[in-house]
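Encoded as structure tokens, the structure appears first; notes follow it.
Numbering (the numbering used here), first residue to last: 19 to 309.
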């Protein structure tokens, strides 16, 4: 079976042509295009369509989209999105894409999509209650309960908008101050370090970024402790673009953090493939009422 998976982030839209055979998800081709999230819903939707139509759809059986923003599981409506995706709040994204493409499109939250991929195809296999934190442009946080794919078992916790610093010095895309993702994300760390080169920051050969890294590690540890205390997962996976650089920082941060949360931490294993794979897995296996 041929499928297309899409991962809509605040910076870029990734899509992939994926072969699904006997439970194996194999990426055959990949594509990426800018999101242009500040241009409004019409432009963003156009870019999603572009990312899907990059592939020959004549033999494609299923299309799944995982997008930033809170998505109603059953309907595929974006119930909330920050200004990173202007005009997305209230958008009937599943319906809009299905009409534009003439093929049913299933839509889920991006953190949930990555979580589902890891739970059924990656590092979370075998665990009953799994949370995944996704460090990218923002901070995604999804929870899977009882390894089921229905409305009650797959949760976008929106932990990225937890008030880590109430009335803090940074204004989030959501309009509030001090949200966790203002500090614990690629965007947050780049701001703290005053550079866009995270490889240089994590290498920190000159010692110039010691303060920024210390703050990032401390804030991330707070987020992980909150996740553990509020949601009681058996496992906490960490993925996203920042973790792609994990060889430079993971052990430095995780070993002290592990001692505080009873060894629940693990790096995600699917990398950039998680979002697109999870979108397809949800489309094929999820129980939806109105999508």
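The beta carbon of each residue, even a glycine, is placed where N, CA and C say it ideally should be.
Computed from a prediction, not measured in an experiment: that's the story for all the values here.
N-terminal and C-terminal residue of the beta strand (DSSP E) that residue i is part of
i: residue 126; result: 123-127
i: residue 158; result: 157-163
i: residue 32; result: 30-39
i: residue 119; result: Taken as a continuous stretch (DSSP letters only), residue 119 belongs to no beta strand (DSSP E), being part of the alpha helix (DSSP H) at 111-119.
i: residue 147; result: 147-153
i: residue 20; result: 20-26
i: residue 172; result: 172-174
Spatial neighbours of residue i in its chain, beta-carbon cut-off 8 Å, leaving aside the 5 residues before and after
i: residue 203; result: 153, 154, 155, 156, 157, 178 and 260
i: residue 217; result: 263 and 266
i: residue 185; result: 195 and 196
i: residue 187; result: 195 and 196
Supposed close pair residue i, residue j - CB separation, criterion 8 Å
i: residue 173; j: residue 296; result: No, residue 173 and residue 296 are not in contact; Cβ-Cβ is about 14 Å, not under 8 Å.
i: residue 58; j: residue 28; result: In fact, because the Cβ distance is near 14 Å, the residues do not count as touching under 8 Å.
i: residue 161; j: residue 251; result: 7 Å
i: residue 139; j: residue 299; result: 7 Å
Range of the contiguous alpha helix (DSSP H) that encloses residue i
i: residue 61; result: 59-71
i: residue 205; result: 204-211
i: residue 76; result: From DSSP, residue 76 is part of no alpha helix (DSSP H); its letter is neither H nor E.
i: residue 48; result: From DSSP, residue 48 is part of no alpha helix (DSSP H) but of the beta strand (DSSP E) over 42-52.
i: residue 96; result: Element bounds for residue 96: not the alpha helix (DSSP H) but the beta strand (DSSP E), 96-98.
i: residue 189; result: Residue 189 -> no alpha helix (DSSP H), and no H or E assigned at all.
i: residue 219; result: 216-221
Residues near residue i by beta carbon distance below 7 Å, same chain, minus five either side
i: residue 207; result: 216, 219, 230 and 234
i: residue 214; result: 208
i: residue 308; result: 92 and 93
Cβ of residue i within 8 Å of any chain C Cβ
i: residue 129; result: Looking at the structure shown, chain C is missing, and only one protein chain is on hand.
heavy atom of the ligand ATP below 7 Å from residue i C-beta
i: residue 299; result: Only the bare structure without any ligand can be found here, which leaves the ligand ATP out of the picture.
Cβ shell of residue i (< 6 Å), same chain only, five flanking positions each side left out
i: residue 96; result: 87, 89, 106, 109 and 111
i: residue 175; result: 159 and 161
i: residue 102; result: 28, 55 and 191
i: residue 163; result: 147 and 171
i: residue 141; result: 255, 284, 286 and 287
Next on the checklist: My parser needs the alpha helix (DSSP H) runs of 4 or more residues fully inside the segment 243-296; what are they?
Outcome noted: Correct list: 268-279.
Checklist entry - Contact between the segment 105-118 and the segment 216-236: three or more CB pairs below 8 Å? => result Judged by Cβ distances under 8 Å, the segment 105-118 makes no contact with the segment 216-236, as fewer than three pairs qualify.
Checklist entry - Does the pairing of the segment 20-30 with the segment 63-71 give three or more beta-carbon distances under 8 Å? => result Verdict: yes, contact present.
Checklist entry - Are the segment 237-253 and the segment 220-229 touching, with three or more C-beta to C-beta distances below 8 Å? => result Note that the segment 237-253 does not touch the segment 220-229; fewer than 3 beta-carbon pairs, one per stretch, sit closer than 8 Å.
Next on the checklist: For the pair the segment 81-99 and the segment 126-133, tell me if three or more CB-CB distances fall below 8 Å.
Outcome noted: At 8 Å Cβ cutoff, the stretches touch.
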